[in-house]
Each structure stands twice: as structure tokens, then as C-alpha cells.
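If you read the sequence shown in numbering that gives the first Met the number 0, its first letter stands for residue 0, the second for the next number, and so on.
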Amino acid sequence: MRGRFDPRRRRAEEPVAKKADDVAGLGSDAAELTAIVAALHFDLAEWLGSDAPLKVFDRISGALDEQFTSVVTTGQAVDRETFLASLWSARNVLAGVRIEVSEGSEVARSGQLIVVRFIAENRVGDARTGRRTVTAALVTDGRTHLWRTVHETPLPEVPQSATSPEPVGSPAAEIDAPQEAVVSGSASAEATDAATGAGENGDGSETAAAPESPEELRSTDEDVAGAEADVAGAEEDAAGGEEDVAATEPEVVDAVPEPAAGVRGGDLDDLAGELVALGFVSAEQVFGAGGEDGGRAGADAAE
Numbered sequence: 000m001r002g003r004f005d006p007r008r009r010r011a012e013e014p015v016a017k018k019a020d021d022v023a024g025l026g027s028d029a030a031e032l033t034a035i036v037a038a039l040h041f042d043l044a045e046w047l048g049s050d051a052p053l054k055v056f057d058r059i060s061g062a063l064d065e066q067f068t069s070v071v072t073t074g075q076a077v078d079r080e081t082f083l084a085s086l087w088s089a090r091n092v093l094a095g096v097r098i099e100v101s102e103g104s105e106v107a108r109s110g111q112l113i114v115v116r117f118i119a120e121n122r123v124g125d126a127r128t129g130r131r132t133v134t135a136a137l138v139t140d141g142r143t144h145l146w147r148t149v150h151e152t153p154l155p156e157v158p159q160s161a162t163s164p165e166p167v168g169s170p171a172a173e174i175d176a177p178q179e180a181v182v183s184g185s186a187s188a189e190a191t192d193a194a195t196g197a198g199e200n201g202d203g204s205e206t207a208a209a210p211e212s213p214e215e216l217r218s219t220d221e222d223v224a225g226a227e228a229d230v231a232g233a234e235e236d237a238a239g240g241e242e243d244v245a246a247t248e249p250e251v252v253d254a255v256p257e258p259a260a261g262v263r264g265g266d267l268d269d270l271a272g273e274l275v276a277l278g279f280v281s282a283e284q285v286f287g288a289g290g291e292d293g294g295r296a297g298a299d300a301a302e
């Protein structure tokens, strides 16, 4: 009777259906896939962001299937050889870069093929760039996983202000902060306030307040234009006053000396006639070949 109840002879239990993560003898779960994705991107960031040793490049190339293809965010498709050649020349081109991976999930699994999707983003310091959705296909033999295809789709960049507000006092915060125009309480400041609608601060300074409506903006523009016109008119009046002063002052003109007396009491303009009368030169030499009449006429004119 004892043998009839021997537990070693009981009927075998029905096989339990394996979960999707245990298909193909993987014995893996979502955490393992996440670790596989994170490991590759950690090596990529180390190669791109530092003077990494060659073993890092060897790990990356060893993780890619022989039929590996990649479609980057620009839509360009590259094969394994082209991808590795580009990666080799990009060593330490993004100093300090980190590649963050999040929202990983398994999309499908069939035999030795596993499809995963996740979000990757480059980060250098506080700057985040290259946010993208990555859909990848991995092949496995039950022990190792190789990347067969990778397809990247760009995502809109997350505004920096929404993720990490700038600290007070930083250059970016000073740029983003509203700027106020402060003027002293002098007469020129009062004129500026009248034109710009500044308000009193209570400390002897005036702060220009921005208009809140289109009508106030238009009115302010007109006031500013009027103030500028007044300044221009004042400058013109000042210039006109200088012209009036210049017009009323007597103009100084060098006195023209009276003609000096010549040798025979004549003007210097009649010097040629005097030279002829004194016999130093002939009339023909001075007045040209006009004959005796011409010479005599010149002499008479000289006398």
C-alpha cells in the first residue's frame, strides 16, 4: 500500500506557459534588457566624451551584429562598417558627454529576435541635447545579445527653463530678468520721465515703466518723438542764434591800401607809360608794333 502513495510516482505537473521574458531560454526580464541598453550607451558616451582606451571601442564593435544597420535622426542609413568607421574618428569629440536612457520597454519578441524601445538624450553638464526615441532589434542565442538594427527618431527639445531654472545671479538669469532704466532726479531726468512715463521709486531715482496697452505704447512713442523734435528744434534755435550773432558783428575786411605814387606822380597801373616817357623802353616794346601813331598815342596816354 505504501508504494501506491509514493510521491515519486505521482503524475507530472502540467508545464506552465513561459512568460515573454523567458522565451528562447533567455531567462531574462525587463531589468536585464535595460542593463544591456544602458551598457552599450555607457560605452558610446565614454568613447565620444573622453580619451577612452581601445577596449571600449572593442566592446562596442563586439556588441553589434554582423548585419547591423542604423538609421540616425537625419534619416541616413549606415551599415556596420560605416558606423564603426565614423565612431572611430569621433573619439573624444564631445568631452564630458553622457547618454541618458529612460522609458525602456520591450515591444515584441519572436524566437531569437527582441524589439525594444527607449528614449536617449545627450547631456554635457546641465545642457541636454539630441533627445530621441530609439527603436532597436536585438538577436540572442540565449547567452549574448547583439544589436541588429537601430532606428532613431528626433524628439522636441525640452526647454531648459522647464527642467533646470537658472540660479539667481547667473548670466542667463540676468539676461532673462526684466531690465529697468534708472535715471537721476535732475531736470534732464524729469524730461525723460515725461517722455517715457517713468514712475517714482521713492529713493531719488526714477524707473521707466513699460506701457501695458497698445494705446499707451502708441502714446509713449508719440511723446518720445515729440521730445526728440523739441530737442532738435532747440538745437536748430541755438544754431540760428549763432548765425544771428555772426550776422550782427561787423565783418572785418583787410583795408585796401591806396595806390602808391609812381615815378612821375602817376598810379602804379600807369607804370608802363612812365617808363616809356622816361625813355627806359620804347612804345613799341610796351604797346606793340603800332607805328609812330601807336607809340605817340601811348606816350601821350602816359603823359
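Think of the CB as a built atom: it goes at the ideal place given N, C-alpha and C, for glycine as much as any other residue.
Continuous alpha helix (DSSP H) stretch holding residue i: start and end
i          : result
residue 81 : 79–88
residue 34 : 29–48
Spatially closest choice to residue i from the options, by CA coordinates
i           : options              : result
residue 148 : 88, 85, 67 and 94    : 67
residue 38  : 81, 52, 125 and 58   : 58
residue 122 : 109, 156, 227 and 74 : 156
residue 146 : 65, 81 and 98        : 65
residue 99  : 77, 108 and 127      : 127
residue 108 : 63, 89 and 32        : 32
Exposed unless 16 or more other CB atoms sit within 10 angstroms - verdict on residue i
i           : result
residue 46  : buried
residue 320 : Past the edges of the chain, shown from 0 to 302, lies residue 320, and the structure says nothing about it.
residue 135 : buried
residue 326 : An answer regarding residue 326 cannot be provided, because it is not within the stretch 0 to 302 covered by the chain.
residue 74  : exposed
residue 119 : buried
residue 115 : buried
residue 106 : exposed
residue 161 : Confidence in residue 161 is poor, its pLDDT being 47 and thus under 50, which makes the residue's placement unreliable; the coordinate value appears in the next sentence. So residue 161 counts as exposed.
residue 69  : buried
Residue interval of the beta strand (DSSP E) (run including residue i)
i           : result
residue 115 : 112–123
residue 63  : 63–70
residue 153 : 144–153
residue 103 : 97–109
residue 73  : Premise fails: residue 73 is in no beta strand (DSSP E) and is neither H nor E.
residue 129 : 126–139
Residues of its chain near residue i, where Cβ-Cβ distance is below 7 angstroms and the 5 sequence neighbours each way are ignored
i          : result
residue 61 : none
residue 83 : 60
residue 63 : 79, 145 and 146
is_contact[residue i, chain C] using C-beta, thresh 8 angstroms
i           : result
residue 110 : Among the chains of the structure shown, chain C does not appear; only one protein chain is present.
Cut-off 8 angstroms between Cβ atoms - residues of its own chain near residue i, not counting five sequence neighbours on either side
i           : result
residue 55  : 42, 45 and 46
residue 52  : none
residue 140 : 111
residue 131 : 72, 118, 119, 120, 151, 152, 153 and 154
Whole-angstrom distance between residue j and residue i, CA atom to CA atom
i           : j           : result
residue 34  : residue 101 : 11 angstroms
residue 49  : residue 227 : 59 angstroms
residue 154 : residue 133 : 10 angstroms
residue 29  : residue 150 : 20 angstroms
residue 316 : residue 91  : With the chain represented from 0 up to 302, any question about residue 316 goes unanswered, as that position is not in the structure.
residue 129 : residue 152 : 10 angstroms
residue 85  : residue 40  : 16 angstroms
residue 81  : residue 142 : 27 angstroms
residue 79  : residue 97  : 23 angstroms
Close Cβ partners of residue i (< 6 angstroms) along its chain, the five nearest in sequence each way excluded
i           : result
residue 93  : 47 and 48
residue 113 : 137
residue 95  : 48 and 123
residue 144 : 35 and 137
residue 77  : 69
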